[in-house]
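Colleague: Plus 7 on top of the position in the sequence shown (first one is 1) and you've got UniProt numbering. Don't be surprised by glycine CBs; every beta carbon is placed ideally from N, CA and C.
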Amino acid sequence: PQPIYLKDYQVPAYLIEHTELRFELDEQETLVRATLRVRRNPACTRSKAALELHGHETLELCRLSINGEILSERDFSRNEELLTIPSVPTEFTLECLTRIHPELNTALEGLYKSDGMFCTQCEAEGFRRITFYPDRPDVMSVFRTRVVADRSRYPVLLSNGNPVESGYEDDGRHFVTWEDPFPKPAYLFALVAGDLAVLEDSYTTASGRPVKLQIYADSKDLDKLDHAMLSLKRAMQWDEQVYGREYDLDIYMIVAVDFFNMGAMENKGLNIFNTSCVLASPQTTTDAAFQRVEGVVAHEYFHNWSGNRVTCRDWFQLSLKEGFTVFRDAEFSADMNSRTVKRIEDVSLLRTAQFAEDAGPMAHPVRPESFIEISNFYTLTVYEKGAEVVRMLHTLLGPEQFRRGTDLYFERHDGQAVTTDEFVQAMADVSGRDLTQFKRWYSQAGTPRIQVSDSWDDVAGCYRLTFRQSCPATPGQDEKLPFHMPIAYGLLAADGRELAAGVLELTDAEQSFSFDDLSERPVPSLLRGFSAPVKLSFSYSDEQLLHLLRHDCDGFNRWDAGQRIAVALMQSLMVDYRSGRELRLPESLVDTWRSLLTDASLDPAMVAHLLRLPSEAYLSELADVIDVEAIHEVREFLLKALAQALLPEWSAVYNRSSSEEPYAPDAAACARRSLKNLSLGYLLATGEEVWLTLAEEQFNNADNMTDQQAALALVVHSGFRQAGERLLAEFQAQWQHEALVMNQWFSIQASDPWPGALGRVQRLQEHPLFDARNPNKLRSVVAAFCGQNAVSFHAADGSGYAYLADWIIQLNKQNPQIASRLLTPLTRWKRYPEEVQLLMKAQLARILDSGELSRDVYEVVSKSLV
Ligand code: DPP
Ligand code: ZN
């Protein structure tokens, strides 16, 4: 497989003005008739350009004609990817009849069957599995789609836009015709056919246009759609208020499907969602999942403008829509819930998983320069780091200018397929700022490091901060130029008052800033709100960190000060662990934690986050060489020691945060439950039976899934083996008919670090509810074991690595996208000690030698072995 380069981009030689599709859905085969009105692109300067249509090798071409004249084999050529017609008129109608087999499609790209219903996933390049077409985002067409199927099995027939006609064909099958007036690229095409229940509602836009809202799901899930509907209406209103963007069709539909490679897809007017991102009810859904549903519903809705009305010129520009839309949904969630908590969660993800990606073999810029398979670039870098880049623009310009920038961007490019340069240009035009250097965030990969030092002149009252920035080499990029980055900061006095605050702009490799006329030497609060996606180091004393922890008005930095204290302690404990010294809990930490635990005036959300120990994943990311065992043992030690030292406090907090009120997934109630379950975790860490009884009571009496699942997971993961087995059995008996709940049941077991995990996971795969064709099940078992059970996955005999490699080899043909996703933990081999590296590499090599690889798997494996 050959890479494709951004620098080779060429405008399309032909445009499609109108696309008419006719689908005849059937159990054994599906016929697709495409009628395309094609016109030569006046912007294309190549003189004799052939017409190139993408077409996957699985397409069976039945008939091809131009202006009604059937083409013979001599008139065109075809390989595994393209159908090429060398000579065509300047304007013509192309008709193409194709036979496809959705019933055999296990890749879940294009048209496929999920639990008896037909559905599609066309982003990025799935449409070429449906028919021959210029499957590239800069070819935008109006679509008219007729879906024909047997009425009894497929009463609901959906596609993009508005329904314009329905009825019966001569043979008795029914049909619905849909028309989407907005030109769109093929990746936004969608079709659904099935026996589905629907929740209906309506929304009136700011300018008074009524919109019908429909969420479709299996009838047994009809009671789990209210939260998604509420989230949708909130998102529609928020986008009007914050961005001035209204919805533009008469109908907005969401369909929940069980088999889905991603979270959800923003197809114009017809979003298709993984059930895990749309279904929610208090009994079956945790707080975290409620929030995920709200966030994903909003994300896909926001794409209607940032993605659909203005789309990407080519797939290198993916972050144009994804980074921007993630930023939009993060701000929406921050407005709907707790801003600080949302920021802490997002930064935690960035600092573990995205930083690890930046440090691995697949590191790439927010706008990649090349790819072998675009599916491999739906990454944390493109999404989360891309959102951080947009956030930095927001910080640099301020909210008003930023809004003027987005207004200009939407106005200037409505109906176009554009690049990240054009997004930044709109920001530059409204602000008059030169953002040339800023654009390095799009082109340079890697996580920048910033070293900060300070000095104090007592006589002059002058405080000076010096910043040194650098960025490590990444594949293909040895040298990096300095970034333009905003550093939000505050200077705190000894009594906690703020002496100064603002945003510094770094542009040079080394740069100093002075603050005059200060009455005392301040404690600096740096990178407030995580104002740039970097690793910032400053040699804080413990005292200074405690000061920030107590007084910083920036909630994020208060939390981060606590993290810095805990990380430093855990790193020194790891040194002790490796040299066989006894591990000890410092009294000072106990005192700090006691004061946080007993101060009932503190925001419970904040306390819950402050008292959560840094994750194994975060400690791994920070390590030079990852010592899985030391990280795990030190964290376990600290958990137990803090549990013992503060037992009465944990118990008091548990009682204080228990509540009789009926369940609500609002920010305050979620915070309370999160603090309660954090306390329960510490209580169980003591290993004492009385707390087990408490956990079992919580498990039995919970009126919501958050509390029930937390009790289950904590009992299982705290080493209460018998009780764990008992609760797992009860949970299964109670919930075996709820697929999403059972996914949690699988993943709690797969992530259980108790010895023998691999054997347990292999038994889980024999469970009747496990289905290797369903990505959610693979994520719950395989990904949970390999990604959230580090001690077991990294077992010294290499059995975890072989297990994952076996799966990759099996999934490579069946579902390449999922195979390549699951592969991630193996690609990180360079971060481990040498003997571990050998074992991991051997499995990568085994995958490479296992036969014909999909582009997805080939790209990741071959780049990892370099
Ligand atoms: N599922 C992806 C998203 O919405 C595809 N665009 O972000
Ligand atoms: Zn998206």
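Where does the unbroken beta strand (DSSP E) through aspartate 461 begin, and where does it stop?
Modeller: Start and end: 456-464.
Colleague: Check whether the Cβ atoms of valine 864 and isoleucine 815 sit closer than 8 angstroms, and answer yes or no.
Modeller: Yes, the pair counts as a contact, with Cβ atoms nearer than the cut-off.
Colleague: Comparing the CB of histidine 554 with every heavy atom of the ligand DPP, is any distance shorter than 7 angstroms?
Modeller: Incorrect: histidine 554 has no Cβ contact closer than 7 angstroms to the ligand DPP.
Colleague: Let me make sure I understand the geometry here. Which of Pro109, Leu104, Glu34 and Thr138 has the alpha-carbon closest to that of glycine 62?
Modeller: For glycine 62, the nearest C-alpha among the options comes from Thr138.
Colleague: With a threshold of 7 angstroms (Cβ to nearest heavy atom), would glutamate 98 be considered close to the ligand DPP?
Modeller: No.
Colleague: Note down the Cα distance separating lysine 240 from serine 173, rounded to an integer number of angstroms.
Modeller: Taking the straight line from one Cα to the other gives about 28 angstroms.
Colleague: For leucine 400, tell me which candidate among Tyr670, Trp448 and Ser283 has the shortest Cα-Cα distance.
Modeller: Out of Tyr670, Trp448 and Ser283, Trp448 has the C-alpha closest to the C-alpha of leucine 400.
Colleague: Would you mind stating whether valine 303 and glycine 270 have Cβ atoms separated by less than 8 angstroms?
Modeller: Against a cut-off of 8 angstroms, the Cβ pair of glycine 270 and valine 303 comes out as a contact.
Colleague: Quick one: Cα of tyrosine 808 to Cα of leucine 691, how far?
Modeller: So the two alpha carbons sit approximately 31 angstroms from each other.
Colleague: Just the Cα atoms here: how many angstroms apart are proline 762 and phenylalanine 409?
Modeller: Distance between the alpha carbons of proline 762 and phenylalanine 409: 53 angstroms.
Colleague: At the level of alpha carbons, what is the spacing between alanine 50 and lysine 820?
Modeller: Cα to Cα, the separation comes out at about 39 angstroms.
Colleague: Give me whichever residues DSSP pairs with alanine 495 in a beta bridge.
Modeller: BP columns for alanine 495 point to Val510.
Colleague: Can you tell which of Asp202, Trp698 and Ile77 has its C-alpha closest to the C-alpha of arginine 160?
Modeller: Of Asp202, Trp698 and Ile77, the residue nearest in Cα terms is Asp202.
Colleague: Could you name each continuous alpha helix (DSSP H) segment of 4 residues or more that falls completely within the segment 524-590, going from the start of the chain to the end?
Modeller: Taking only runs of at least 4 residues, the alpha helix (DSSP H) segments lying wholly in the segment 524-590 are 549-558 and 562-585.
Colleague: Under 7 angstroms from any heavy atom of the ligand DPP, does the C-beta of methionine 847 make it?
Modeller: It does not: the Cβ of methionine 847 is nowhere closer than 7 angstroms to a heavy atom of the ligand DPP.
Colleague: For methionine 492, which residues in the same chain have their Cβ closer than 6 angstroms to its Cβ, ignoring the five residues on either side in sequence?
Modeller: Cβ within range, chain order: Leu513 and Ala539.
Colleague: Determine the direct distance from the alpha carbon of glutamine 850 to that of threonine 91, and round the result to whole angstroms.
Modeller: About 40 angstroms.
Colleague: Which residue wins for smallest C-alpha separation from alanine 718, given the options Leu699, Tyr21, Gln729 and Ala736?
Modeller: Nearest C-alpha to alanine 718: Leu699.
Colleague: Is glutamate 773 near the ligand DPP, judged by its Cβ being under 7 angstroms from some heavy atom?
Modeller: Outside the cutoff, so no.
Colleague: According to DSSP, simplified to helix, strand and coil, what is threonine 481?
Modeller: In this structure, threonine 481 counts as strand in the three-state DSSP scheme.
Colleague: Reducing DSSP to helix, strand and coil, say where serine 519 ends up.
Modeller: Reduced to three states, the DSSP call for serine 519 is strand.
Colleague: Does the separation of the CB atoms of arginine 151 and glutamate 27 fall below 8 angstroms?
Modeller: Yes. Within cutoff.
Colleague: For valine 171, list the residues DSSP reports as bridge partners.
Modeller: According to DSSP, valine 171 bridges with nothing at all.
Colleague: Measuring only from the beta carbon, is histidine 306 closer than 7 angstroms to any heavy atom that is part of the ligand ZN?
Modeller: Checking the Cβ of histidine 306 against the ligand ZN gives yes.
Colleague: Would you kindly report the start and end of the unbroken beta strand (DSSP E) that includes glutamine 128?
Modeller: Where glutamine 128 is concerned, the enclosing beta strand (DSSP E) stretches over 124-128.
Colleague: Cutting at 8 angstroms between CB atoms, please list the residues of its own chain near tryptophan 657, excluding the five before and the five after it.
Modeller: Around tryptophan 657: Leu604, Ala650, Ser686, Tyr689 and Leu690.
Colleague: Have a look at aspartate 82 and isoleucine 107 and give me their C-alpha separation to the nearest angstrom.
Modeller: So the alpha carbons of these two residues sit roughly 23 angstroms apart.
Colleague: Going by C-alpha distance, which of Arg828, Arg557 and Glu773 is nearest isoleucine 572?
Modeller: That would be Arg557, whose Cα lies nearest to the Cα of isoleucine 572.
Colleague: With a Cβ-Cβ cutoff of 8 angstroms, do glutamate 628 and alanine 852 count as a contact?
Modeller: Not a contact, by the Cβ cut-off of 8 angstroms.
Colleague: Histidine 181 bridges to which residues according to DSSP?
Modeller: Looking at the DSSP assignment, histidine 181 forms a beta bridge with Ala156 and Tyr175.
Colleague: Alpha carbon to alpha carbon, what distance is there between glycine 562 and glycine 503?
Modeller: Using only the alpha carbons, I get a separation of about 14 angstroms.
Colleague: Would you check whether the ligand ZN has a heavy atom nearer than 7 angstroms to the C-beta of threonine 388?
Modeller: Because no heavy atom of the ligand ZN lies under 7 angstroms away, the Cβ of threonine 388 does not count as near it: no.
Colleague: I'd like to confirm something about glutamate 338: is its beta-carbon nearer than 7 angstroms to some heavy atom of the ligand ZN, or not?
Modeller: Glutamate 338: no, Cβ never under 7 angstroms from the ligand ZN.
Colleague: Answer yes or no: the CB of glutamate 391 versus the heavy atoms of the ligand ZN, is any distance below 7 angstroms?
Modeller: False, no ligand heavy atom lies under 7 angstroms from that Cβ.
Colleague: Can you confirm whether the segment 580-600 touches the segment 640-654 when touching is taken to mean that 3 or more C-beta pairs between the two stretches lie within less than 8 angstroms?
Modeller: Flag = yes, the segment 640-654 and the segment 580-600 touch.
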